[in-house]
Amino acid sequence: MPGPAAPPGGVVLRVTATGVCRSDWHAWAGHDDDVVFPHVPGHELAGVVAEVGTGVTRWRAGDRVTVPFVCGCGRCAWCLAGEAQVCPDQQQPGFTHWGSFAEHVALHAADANLVRIPDAVDDTAAAALGCRFATAYRALVGRARVRAGEWVTVVGAGGVGLSAVMVARALGARVVAVDRNPGALAVAADLGAEHTVPADGRDVPAAVADLTGGGSAVAVDAVGSEQTCADSILSLRRRGRHVQVGLLPPVDGHPRVPMARAIAWELDLLGSHGMAAADYPEMLALVERGVLQPQRLVERTIGLEEAAALLPVFDRATVAGMIVVDPAR
Ligand SMILES: [Zn+2]
Ligand SMILES: [Zn+2]
13 MPGPAAPPGG
23 VVLRVTATGV
33 CRSDWHAWAG
43 HDDDVVFPHV
53 PGHELAGVVA
63 EVGTGVTRWR
73 AGDRVTVPFV
83 CGCGRCAWCL
93 AGEAQVCPDQ
103 QQPGFTHWGS
113 FAEHVALHAA
123 DANLVRIPDA
133 VDDTAAAALG
143 CRFATAYRAL
153 VGRARVRAGE
163 WVTVVGAGGV
173 GLSAVMVARA
183 LGARVVAVDR
193 NPGALAVAAD
203 LGAEHTVPAD
213 GRDVPAAVAD
223 LTGGGSAVAV
233 DAVGSEQTCA
243 DSILSLRRRG
253 RHVQVGLLPP
263 VDGHPRVPMA
273 RAIAWELDLL
283 GSHGMAAADY
293 PEMLALVERG
303 VLQPQRLVER
313 TIGLEEAAAL
323 LPVFDRATVA
333 GMIVVDPAR
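This is how it looks when you write it as structure tokens:
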């Protein structure tokens, strides 16, 4: 593929690390109308600024940066309020344009979206922040407003779920992790999940109710399926808060959601969509202090060739943690 050019107001990065995420698989599987072939996926990245477009004032070649997977336009009311994760004119590398499974990637509205990586955070950990870790952080801190001592059920112990376990523990919450993969549950326990529940066909909400004395205060669907969404909602105690993080594209029709329970028990059903660059400093400060350790979530680093083989089967892959791609490998 030809290398990208820096758009006006944007930059080109030399990619040093990029994560493999279930959202990349959704795009590959055709669940995203924005994606047309030929296409380069990849949206969780760290890199070094290689080329600066016209009008960029905050960045220069050589700066080591990461970026939220949702890049705001930097001009609309949402962006100006620090809410670029819902910008109506957003760009997403790997979805709205070619992404970071490549040596170089172009990024738009650099002054609004780029985030400097602190020296104490390596490229691999920084790539892990861009989508799943930041998404988990915002889901629990910004959306569910988790408080110390609350029970949090995390359905799905993949990259975003394990991130949610780590963030919930850092907030002083007690965690139940649910997954079909025993290896992933072992990692969740290692990260501080007090209980793990195998999703092996058992009644997950009943198991959570037993373990938590009536259900959790907060539940996160970190997978995105009708089953995991329902398990998450039905695992809540009365007045609990559900956060939907896993994507639920309506490819098989819109998912059925147990709204009767949401009404009768006054549950809050919250959506969460990445995290704006404006919210990164608070999270990065916790990473720098070692309170959050995204590098612990990285299972292994692979090259682009292996990534290309992994992507089509990623929805079925047995992964205990995050997989990061180093394009130079
Ligand atoms: Zn992602
Ligand atoms: Zn905007």
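No gaps in the numbering here: position 127 of the sequence shown is 139 in this note's numbering, and each next residue is one more. Note that CB positions come from ideal geometry on N, CA and C, so glycine has one too.
query	result
Host beta strand (DSSP E) of Gly252 (start-end)	Leu248 to Gln256
Same chain only: Cβ atoms within 7 angstroms of Gly111, ignoring 5 sequence neighbours per side	Val52, Pro53, Gly54, His55, Pro105 and Val117
CA nearest to the CA of Gly154, picked from Glu300, His285, Glu318 and Met13	His285
Cβ neighbours of Asp101 in the same chain (closer than 7 angstroms, five flanking residues each side left out)	Cys85 and Cys88
Gly54 (DSSP reduced to helix, strand or coil)	coil
With 16 other Cβ atoms within 10 Å as the buried cut-off, status of Arg328	exposed
Inter-residue spacing [alpha-carbon to alpha-carbon] between Gly227 and Val220	6 angstroms
Cβ-based neighbour list, Ala58, same chain, cut-off 7 angstroms, excluding 5 preceding and 5 following	Thr28, Ala29, Thr78, Ile129, Asp135, Ala138 and Ala139
Beta bridge counterpart(s) of Leu25 as assigned by DSSP	Val61 and Val117
Nonlocal neighbours in the same chain, by C-beta distance under 7 angstroms from Phe107, ignoring five residues either side	Ala39, Asp44, Asp46, Val47 and His55
Under 8 angstroms between C-beta atoms of Ala156 and Arg253	yes
beta-carbon His207 near ligand 1 non-hydrogen atom, thresh 7 angstroms	no
Any non-hydrogen atom of ligand 2 closer than 7 angstroms to Asp291 Cβ	no
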